[in-house]
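Trainee: This structure is in structure tokens; I'll ask about it shortly.
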Amino acid sequence: MKTAVGTFLLLLIINGVVSVEWKHSAVLDNNFLVLWTPDEKDVTFEIQVKTLGYVGLGFTKDDGRAGADMVIGWVDNNGQVHLQDRHVKDASRDPQMDSSQDYRLLLGYENKTHTVLRFSRRYDTCDPRDLKITCDKNNIAKILGYFTADSARLRAFGDNYHLTDLILIEYHAPRASQALLIKASLQSLSEILVAPDVAPMAIKNAVKIL
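Residue numbers (mature numbering (1 follows the signal peptide of the UniProt record, and there is no 0)): -19 to -1, 1 to 191.
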């Protein structure tokens, strides 16, 4: 698997969509590309898959497929784009429809070889069927890339999926606030001022520097 962290610029000249800037990307295999950009309250994804069938992206916290949060879409014979919020109750059966549809379709199309879907979702949809995406040191998600060869019908996973680990949101350890830094500096200065072996001139210079 190849990953790219940073700014990824993708130009789409389909359906009037041009110059889309992505912060992160990952190649699940030679047939499946995932692009995403986190925002303040939600995250936007785009999947580009070498198939004209169903495509999907799943999120899970373990290596199993059962319990995965899935978004699945396709383009029908009339060019209509479909996107559905689903979940995997049994890996041997089709992903089931969620009662709450929490993914928002932004773009979808297919050409002669690929299906492309762009969608967004909240980090926390408040739906127990959806995986909560967190911004902490435990935010590694297992990503399921899913596709079928055709759109005749939705199939259970079989061999048409790829599982990999991705950090969807970069975690930055909290830094001490400026107030705490100032307090620490003043405390250090106080220790210097009360030290019995410090010469008066050294104290005076230290105060001038601060």
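Glycine residues also receive a C-beta, built at the ideal position from the N, C-alpha and C atoms.
Go ahead and pull the three-state DSSP assignment for S80.
Mentor: Position 99 of the sequence shown, counted from the start, is the residue given in the question as residue 80. Here S80 sits in coil by DSSP.
Trainee: Leaving aside the five residues before and after L14 along the sequence, list all residues of the same chain whose C-beta is less than 6 angstroms from its C-beta, in chain order.
Mentor: Residue mapping note: residue 14 aligns to position 33 of the sequence shown, counting from 1. Taken in chain order, the residues that qualify are V8 and Q29.
Trainee: DSSP three-state call for Q29: helix, strand or coil?
Mentor: The residue you call residue 29 lines up with position 48 of the sequence shown. Of the three classes helix, strand and coil, the one that applies to Q29 here is strand, per DSSP.
Trainee: Between R110, T106 and G34, which has its C-alpha nearest L98's C-alpha?
Mentor: Numbered from its first residue, the sequence shown carries residue 98 at position 117. For the residues R110, T106 and G34, the minimum Cα distance to L98 belongs to G34.
Trainee: When the cut-off is 9 angstroms and only beta carbons count, does T115 lie next to chain C?
Mentor: Going by chain labels, chain C is absent from the structure shown, which holds only one protein chain.
Trainee: With a 10 Å radius around its C-beta and 16 neighbouring C-beta atoms as the bar for buried, classify A49 as buried or exposed.
Mentor: Position 68 of the sequence shown, counting from 1, holds the residue named residue 49. Buried, by the Cβ-count rule.
Trainee: Using DSSP bridges, identify the partner residues of I114.
Mentor: On the sequence shown, position 133 is the one that residue 114 refers to. For I114, which the question treats as bridged, DSSP gives no partner whatsoever.
Trainee: Less than 9 angstroms between the C-beta atoms of F40 and L125, yes or no?
Mentor: Within the sequence shown, numbered from 1, the residue matching residue 40 stands at position 59. Within the sequence shown, numbered from 1, the residue matching residue 125 stands at position 144. Yes, the Cβ-Cβ distance between F40 and L125 is below 9 angstroms.
Trainee: Can you look up R74 in the DSSP assignment and give me helix, strand or coil?
Mentor: Reading the sequence shown from its first residue, position 93 is the one you call residue 74. In the structure shown, R74 sits in coil (DSSP, three-state: anything other than H, G, I, E or B).
Trainee: Is the separation between the beta-carbon of L103 and that of S80 shorter than 9 angstroms?
Mentor: In the sequence shown, residue 103 corresponds to position 122, counting from 1. In the sequence shown, residue 80 corresponds to position 99, counting from 1. A small fix is needed here, since residue 103 is Arg in this sequence, not Leu. No, the pair does not count as a contact, with Cβ atoms beyond the cut-off.
Trainee: What is the DSSP secondary structure of L125, reduced to helix, strand or coil?
Mentor: Indexing the sequence shown from 1 puts residue 125 at position 144. Strand, per DSSP.
Trainee: Which first and last residues belong to the beta strand (DSSP E) in which Y104 is found?
Mentor: In the sequence shown, the residue the question calls residue 104 occupies position 123. Per DSSP, Y104 belongs to no beta strand (DSSP E) and is neither H nor E.
Trainee: I need the straight-line Cα distance from T145 to G37, nearest angstrom please.
Mentor: Position 164 of the sequence shown, counted from the first residue, corresponds to residue 145. Position 56 of the sequence shown, counted from the first residue, corresponds to residue 37. About 14 angstroms.
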